[in-house]
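Comments concern the structure below.
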Amino acid sequence: MGHLDHAAFGWLTPVLSYAMACIGAALGLRCTVRALNTTGSARRNWLLTAASAIGTGIWTMHFVAMLGFTVTGTEIRYNVPLTILSLVVAVTVVGVGVFAVGHHGERGRALALGGLTTGIGVASMHYLGMAALRLHGKVSYDPLLVALSVVIAVVAATAALWAALNIKSPGAVAVASLVMGGAVSSMHYTGMMAVSVRVTPSTAELAGATAMQFIFPLAVGLGSYLFLTSAFVALSPTADEREASTSAQRPLEHQTP
């Protein structure tokens, strides 16, 4: 068995990955709140932004954490198409959950459907990302810990969607985002605790890209997207602010000769 180290850089990757999960969650929740206060194409656009933010945050959390993952006796590389597919899966399934909450008439059923779909999708993203690993050896999983990680993902997704429906104030959203970030991180590390590797020593060249060649630049790019989108959302007026602005302009219109 190869010795697995989940934090080769100490606390750097766990803390940074948690921060990315929290940022994605906060941005996604704020966008969902904005969506529920609008209709038509504006609601659709806010929901799309929410899905991309939460999905990107979860994916970035996973692979930033994976930067600290090492196995003694073998180097690690990543299959590029599978890694990108895991990102697409993350954004798509989160989108299904967010749109279920944003457009379904019955909130209880929408919450159950969205939470289950999104949770299973998040878990699928995690294990699809793990399937992209290329190393000298065989990876196996503890089925009980895998099942637990899926349950954590479903509970975390349901809690996040519930928060999007019921929490409106920025302070409450911030607290909910910290909790969601912790839940996503817990799901990740529970899934990683399920991993064991039987190393087969070899000098053969592994296929794929190293983490620093591919994962790190992509994570930096997606992290920049999250920060820029956060700035855009923060500067965009809310429905209440637009209504107040419209109300303030009406007296001026009546005074125009």
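Mapping the sequence shown onto this note's numbering, position 122 (from 1) lands on 861, and the numbers just tick up by one.
Don't be surprised by glycine CBs; every beta carbon is placed ideally from N, CA and C.
*Given that a residue counts as buried once 16 or more other Cβ atoms are within 10 Å of its Cβ, and exposed if not, what is residue 980?*
Note that residue 980 scores a pLDDT of 46, beneath 50, so its modelled location is shaky and nothing firm can be said.
*residue 922 versus residue 757 - alpha carbon distance*: C-alpha of residue 922 to C-alpha of residue 757: approximately 9 Å in a straight line.
*Excluding sequence positions up to five away, which residues of its chain have a Cβ less than 8 Å from the Cβ of residue 971?*
none
*alpha helix (DSSP H) containing residue 910: first to last residue?*
909-932
_Complete runs of the alpha helix (DSSP H) confined to the segment 944-976 [at least 4 residues]_ = 955-974
*Exposed or buried, what is residue 951 when buried is set at 16 or more other beta-carbons lying within 10 Å of its beta-carbon?*
exposed
*Tell me whether residue 812 sits in a helix, a strand or coil according to DSSP, three-state version.*
When secondary structure is reduced to three states using DSSP, residue 812 falls in the coil class, being assigned neither helix nor strand.
_Is any non-hydrogen atom of the ligand ATP found closer than 7 Å to the C-beta of residue 760, if you look at the structure I gave you?_
What this structure holds is no ligand at all, so the ligand ATP is not there to describe.
_Does residue 749 pass the burial test, meaning 16 or more other C-beta atoms within 10 Å, or should it be called exposed?_
Exposed.
*When the Cα of residue 891 is compared with those of 873, 825, 919 and 911, which residue comes out closest?*
Cα-wise, what sits closest to residue 891 is 919.
_Using a Cβ-Cβ cutoff of less than 6 Å, which residues in the same chain neighbour residue 798 once the five nearest sequence positions on both sides are dropped?_
826 and 829
*Would you grab the beta carbon distance between residue 785 and residue 770 for me? Rounded to a whole angstrom, and I think it's under 8 Å.*
5 Å
*asked:* Beta-carbon within less than 7 Å of residue 792's beta-carbon, same chain only, minus the 5 sequence neighbours each way: which residues are those?
replied: 763, 766, 767, 770, 965 and 968
*Cross-strand partners of residue 879 (DSSP beta bridge)*: 935
*Could you have a look at residue 872 and say whether DSSP puts it in helix, strand or coil?*
strand
*Grouping DSSP H, G and I as helix and E and B as strand, with all else coil, what is residue 806?*
coil
*Hey, residue 857 and residue 819: beta-carbon distance below 8 Å or not?*
no
_Below 8 Å on the Cβ atoms is my contact criterion, and I expect residue 743 with residue 810 to pass it. Report the Cβ-Cβ distance as a whole number of Å._
Going by Cβ atoms, the distance from residue 743 to residue 810 rounds to 6 Å, so yes, they are a contact pair.
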